[in-house]
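Numbering (our numbering), first residue to last: 122 to 520.
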């Protein structure tokens, strides 16, 4: 059990990352009501797509129901089918990998590296040595931090492989001046309720390929053929974004830079507050990358880790003076009505994918980060005073 400290619980819960609304969203949602464009056609959808193209710097954007739906279409339109082997980031949310399985593909899981926590180029090279026939790579920009895109792109080009970029968490981030969401041959972003820009749900498929964009629009509307009756030659889906959801996104878009600045300030306050503790925050390449700082994560140094035992559904830990573990810190945060989360459990550790091949260049970075890491409350509406209280609670765990 964690050591209680003198911090009083918050009257109102401090969330990990909840939606931040500004008011303009209501204007565009009302416009959809007033004009009766309440389905999957309307000005809000058109404008949301235009704004996404402008911010990402791509030629085409297709508004869809979720980021997962966008990734499914990206995987399908990249040529993944039954039996296709696909290299996938291992340390991620499961929605990154599931669309490969939807298509009957076989995910081969690639470990992370410590510099960015994203796909390790060295492990990717090892994967191509073992599976030279692979022509698809699904990579992630974890928690809003860009991957080592230049190195990964060079490796993929050398092996003739396409990149499918899951930028669901990294809208607004950049690598060497290139926007996340434009790293892939096909990319996706998400507007889920906890993302840096939200529509409560929703996603976008992003590409410079006119044919892929056109096919994504067709497939997302049940693949209806160009006929005056309902005729269908291809298997399609009901994946098109609602004009209502698009109205929320349209109202949010102008606040992207403001949200990123607020998230970065939270990251910097945690960095300063923890400077004397045996911990580190999720890293990034300060010379080449600018994250969107969507989620601030913390990793306990190995020598400061107390004993923690996890199975598939429960966890136990020991209280040790001067040491702590993520589970104790999460319990401590819960005790003051603040929400934290474990870092993503790697895919090769998931019961669903434990039989899939997993390739690492140096032990298992993902397992280590999962064992020692957690996501801290970083809601934009959290006050500096509330964040100071959270910092104090984390310090108490080392007492």
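For glycine and all other residues, C-beta sits at the position ideal for the given N, C-alpha and C. Nothing here was measured: the structure is a model prediction, and the numbers come from that model.
| field | Per-residue DSSP class, three states only, for residue 148 | value | DSSP places residue 148 within a helical segment (H, G or I) once states are collapsed to three.
| message | Considering only the alpha carbon of each residue, which of 502, 365, 431 and 318 lies closest to residue 386? | response | The closest CA to that of residue 386, considering only 502, 365, 431 and 318, is found on 502.
| query | Applying the criterion that 16 or more other CB atoms from any shown protein chain within 10 Å of the CB defines a buried residue, is residue 154 buried or exposed? | reply | Exposed: under 16 other Cβ atoms inside 10 Å.
| task | Go through the region 222 to 307 residue by residue and report every complete run of the beta strand (DSSP E) that reaches 3 residues or more, in order. | result | Here the runs fully enclosed are 227 to 231, 257 to 261 and 283 to 287.
| query | Helix, strand or coil for residue 311 per DSSP? | reply | Note: residue 311 maps to strand in three-state DSSP.
| query | Among the residues of its own chain, which have a CB less than 6 Å from the CB of residue 216, if the five just before and after it don't count? | reply | Within the same chain, and ignoring the five residues on either side of residue 216 in sequence, the residues whose Cβ sits closer than 6 Å to its Cβ are 189.
| message | According to DSSP, residue 436 sits in a beta bridge with which residue or residues? | response | When DSSP reads this structure, residue 436 sits in a beta bridge with 431.
| message | Between 513, 519 and 274, which has its C-alpha nearest residue 128's C-alpha? | response | Here the closest residue by C-alpha is 513.
| query | Counting pairs of beta carbons, one from the region 227 to 238 and one from the region 376 to 393, are three or more of them closer than 8 Å? | reply | Contact check between the region 227 to 238 and the region 376 to 393: fewer than three CB pairs, one atom from each, fall below 8 Å, which does not count as touching.
| Alpha carbon of residue 301 to alpha carbon of residue 195, nearest angstrom | If you take the alpha carbons of residue 301 and residue 195, they lie about 16 Å apart.
| request: Answer yes or no: do residue 285 and residue 259 have a C-beta to C-beta separation smaller than 8 Å? | output: The Cβ atoms of residue 285 and residue 259 sit closer than 8 Å to each other.
| task | Measure the Cβ-Cβ separation of residue 290 and residue 249 and say whether it is below 8 Å. | result | Taking 8 Å as the Cβ cut-off, residue 290 and residue 249 do not qualify as a contacting pair.
| Can you tell which of 322, 245 and 370 has its C-alpha closest to the C-alpha of residue 314? | Minimum Cα distance to residue 314 is reached at 322.
| If you check the beta carbons only, do residue 177 and residue 364 fall under 8 Å apart? | Cβ atoms of residue 177 and residue 364: not closer than 8 Å.
| field | Per-residue burial, residue 457 [other beta carbons within 10 Å of its own, 16 or more giving buried] | value | With 16 or more Cβ atoms within 10 Å of its Cβ, residue 457 is classed as buried.
| What are the start and end residues of the alpha helix (DSSP H) that includes residue 189? | Counting along the chain, the unbroken alpha helix (DSSP H) around residue 189 starts and ends at 188 to 198.
| Segment contact flag, the region 203 to 220 with the region 338 to 347, C-beta cutoff 8 Å, min 3 pairs | Under the Cβ criterion (8 Å, minimum of three pairs), the region 203 to 220 does not count as touching the region 338 to 347.
| query | DSSP three-state call for residue 517: helix, strand or coil? | reply | Residue state for residue 517 is assigned as helix, using DSSP reduced to three classes.
| query | Out of 369, 413, 370 and 371, which has the shortest C-alpha to C-alpha gap to residue 389? | reply | The shortest Cα separation from residue 389 among 369, 413, 370 and 371 belongs to 413.
| request: Can you give me the Cβ contacts of residue 478 inside the same chain, cut-off strictly under 6 Å, excluding the 5 residues immediately before and after it? | output: Closer than 6 Å at the Cβ level, and outside the excluded window around residue 478, lie 229.
| task | Pick helix, strand or coil for residue 401, following the three-state DSSP scheme. | result | The three-state reading of DSSP puts residue 401 in strand, counting E and B together.
| query | For residue 380, which of helix, strand or coil comes out of DSSP? | reply | Three-state DSSP puts residue 380 in a helix.
| request: Taking the CB atoms as reference points, tell me whether residue 499 and residue 381 lie closer together than 8 Å. | output: No.
| field | Under the three-state DSSP convention, the category residue 178 falls into | value | Three-state DSSP puts residue 178 in coil, outside helix and strand.
| request: Verify the contact flag: residue 133, CB atom, against every heavy atom of the ligand SAH, threshold strictly below 7 Å. | output: Within the structure as shown, the ligand SAH is missing, as the structure has no ligands at all.
| request: Out of 439, 462, 433 and 337, state which residue places its alpha-carbon closest to the alpha-carbon of residue 473. | output: Per the Cα distances, 433.
| Going by alpha carbons, who is nearest to residue 136 out of 496, 160 and 361? | Per the C-alpha coordinates, the member of 496, 160 and 361 positioned closest to residue 136 is 496.
| message | Considering Cα atoms alone, identify which of 406, 481 and 252 is closest to residue 269. | response | Ranked by Cα distance from residue 269, the first of 406, 481 and 252 is 406.
| Can the beta-carbon of residue 320 be found closer than 8 Å to that of residue 367? | Yes. Within cutoff.
| said: Quick check on the DSSP output: the alpha helix (DSSP H) that includes residue 368 runs from which residue to which? | reply: Start and end: 364 to 374.
| query | Can you give the Cα-Cα distance for residue 475 and residue 468, rounded to whole angstroms? | reply | Residue 475 and residue 468 have their C-alpha atoms spaced approximately 7 Å apart.
| field | Secondary structure, alpha helix (DSSP H): runs of 4+ residues fully inside the region 318 to 353 | value | Qualifying alpha helix (DSSP H) stretches, in chain order: 331 to 340.
| message | Nearest by alpha-carbon distance to residue 261: which of 246, 133, 307 and 225 is it? | response | Ranking 246, 133, 307 and 225 by CA distance to the CA of residue 261 puts 307 first.
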